[in-house]
Amino acid sequence: MPAEHGLRSRTRDLFSRPFRKKGTIPLTSYLRTYRIGDYVDIKVNGAVHRGMPHKFYHGRTGQVWNVTKRAIGVEVNKQVGNRIIKKRIHVRIEHIQPSRCKEEDFKLRKKTNDQLKAEARQEARSSAQRGSQRDLNLVSWWKVQPLKLLHLFPMMSSMT
Numbered sequence: 033m034p035a036e037h038g039l040r041s042r043t044r045d046l047f048s049r050p051f052r053k054k055g056t057i058p059l060t061s062y063l064r065t066y067r068i069g070d071y072v073d074i075k076v077n078g079a080v081h082r083g084m085p086h087k088f089y090h091g092r093t094g095q096v097w098n099v100t101k102r103a104i105g106v107e108v109n110k111q112v113g114n115r116i117i118k119k120r121i122h123v124r125i126e127h128i129q130p131s132r133c134k135e136e137d138f139k140l141r142k143k144t145n146d147q148l149k150a151e152a153r154q155e156a157r158s159s160a161q162r163g164s165q166r167d168l169n170l171v172s173w174w175k176v177q178p179l180k181l182l183h184l185f186p187m188m189s190s191m192t
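Each number in my numbering comes from the position in the sequence shown (counting from 1) with 32 added on.
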């Protein structure tokens, strides 16, 4: 394990750009409108070093509390010891994207999962929310029938 504990230590893969996503940054990241109260995901873009948040915040979801010219103020929960603190950080707009945590399909899935949990609690059983485990598909090599070989021969060409 490396001994250095710098600001960007152990971020070789974390901040690297994905495969086939290198090069110029799409304009949509600059043209999006963020408003106070919106939920955003912090996803660090390694090509832009300015306004880059600390590696701890990469992949976190927060709420917008301030909008400036080139950056967005995001409020993120951070566990410190035995308590959770609301941290307010400014992140440049290249490093954030709108969160999908408040979309209708997510809310609907959450609501149905809560109903399943409530029903399971009444029946005193565990609830399977992600679907049950599939049955095993065992194949025994001694039970497999050998295939009959089919001989194919080339046809004479009609061009001659």
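We put the CB at the ideal spot given by N, CA and C, even for glycine.
Can you tell me which residues form a DSSP beta bridge with residue i?
i	result
H122	G105
K110	I117
Start and end of the beta strand (DSSP E) containing residue i?
i	result
P130	I128 to P130
Measure how close the beta-carbons of residue i and residue j come, nearest whole angstrom, since I'm counting them as under 8 Å.
i	j	result
G94	V112	The pair is not a contact, with the Cβ atoms about 16 Å apart (cut-off 8 Å).
V72	I117	Incorrect: roughly 19 Å between the Cβ atoms, too far for contact.
K119	V108	5 Å
P34	S41	7 Å
D137	V96	Actually they do not touch by this definition, with Cβ atoms about 22 Å apart.
Requested in this report: Taking only runs that begin and end inside the region 52 to 108, name each unbroken beta strand (DSSP E) of 3 or more residues, in chain order.
Outcome: Within the region 52 to 108, the complete beta strand (DSSP E) runs of at least 3 residues are 71 to 74 and 93 to 99.
Query raised in the report: Mind pulling the alpha helix (DSSP H) runs of 4 or more residues that sit fully within the region 133 to 159?
Result: List check, alpha helix (DSSP H) in window: 136 to 155.
Query - the region 123 to 130 contacting the region 141 to 156, beta-carbon criterion three pairs below 8 Å - result: Between the region 123 to 130 and the region 141 to 156, the count of C-beta pairs closer than 8 Å stays below three; the two stretches do not touch.
Query raised in the report: Are there three or more Cβ pairs, one per stretch, closer than 8 Å when the region 88 to 105 is compared with the region 70 to 78?
Result: Between the region 88 to 105 and the region 70 to 78, the count of Cβ pairs shorter than 8 Å is three or higher; the stretches touch.
Requested in this report: Determine, using beta-carbon pairs with one atom in the region 61 to 74 and one in the region 128 to 135, whether at least three such pairs fall under 8 Å.
Outcome: Contact holds: three or more Cβ-Cβ distances are below 8 Å.
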